[in-house]
Amino acid sequence: MKQDVFDAIWALRRESSSAFLSYVDEKGYPATRAMLVLEHDRVGTQYFSTNTSSGKVTALRNNSKAAVYYCEPDRFQGALFVGDVEVCTDEATKAFLWREGFEMYYPKGVTDPDYCVLKLTVHHGSHYHGLCNTVFLPDELDAK
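Going by the UniProt record's numbering, the sequence shown opens with residue 1, and the numbers climb by one from there.
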């Protein structure tokens, strides 16, 4: 992978405050949700928090295949990460992603049963910029 593509993917991953999670809903149709990006240091495994009671959690428990897309629309640039999502309800994973202020949504704190973490294990991805599409595997993005 060219260094400029490597750098661009990592920049999108590290600097994005939100990303788009796509999955197949319970009726078999595609669904996309905007998600806050709360951790920026991994590519092969990515984490997002949500409500356990949400429709996306139900759908992802039935079909774990999903994709996360980070984009910079003004530059016509994006990075797509495709893989499987695990719904994590263990306290250690939930504590890892917990942030001050979450109490507003999850009054019982880290142990709130309606708080869970979505863990995306990336199988492959692609980066698009300047009419160039680069397909990659997550291990190609390990720090150089």
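Glycine is no exception: its CB is placed at the ideal position from the N, C-alpha and C atoms.
- DSSP places Lys-94 within a helical segment (H, G or I) once states are collapsed to three.
- In summary, Gln-46 is buried, with 16 or more beta-carbon neighbours lying within 10 Å of its beta-carbon over all protein chains present.
- The DSSP-derived three-state label of Arg-42 is coil.
- Following the DSSP letters along the chain, one finds Asp-7 inside the alpha helix (DSSP H) bounded by residues 3–15.
- Going by C-alpha positions, His-129 is about 21 Å away from His-123.
- One alpha carbon belongs to Met-104, the other to Val-37, and they sit about 18 Å apart.
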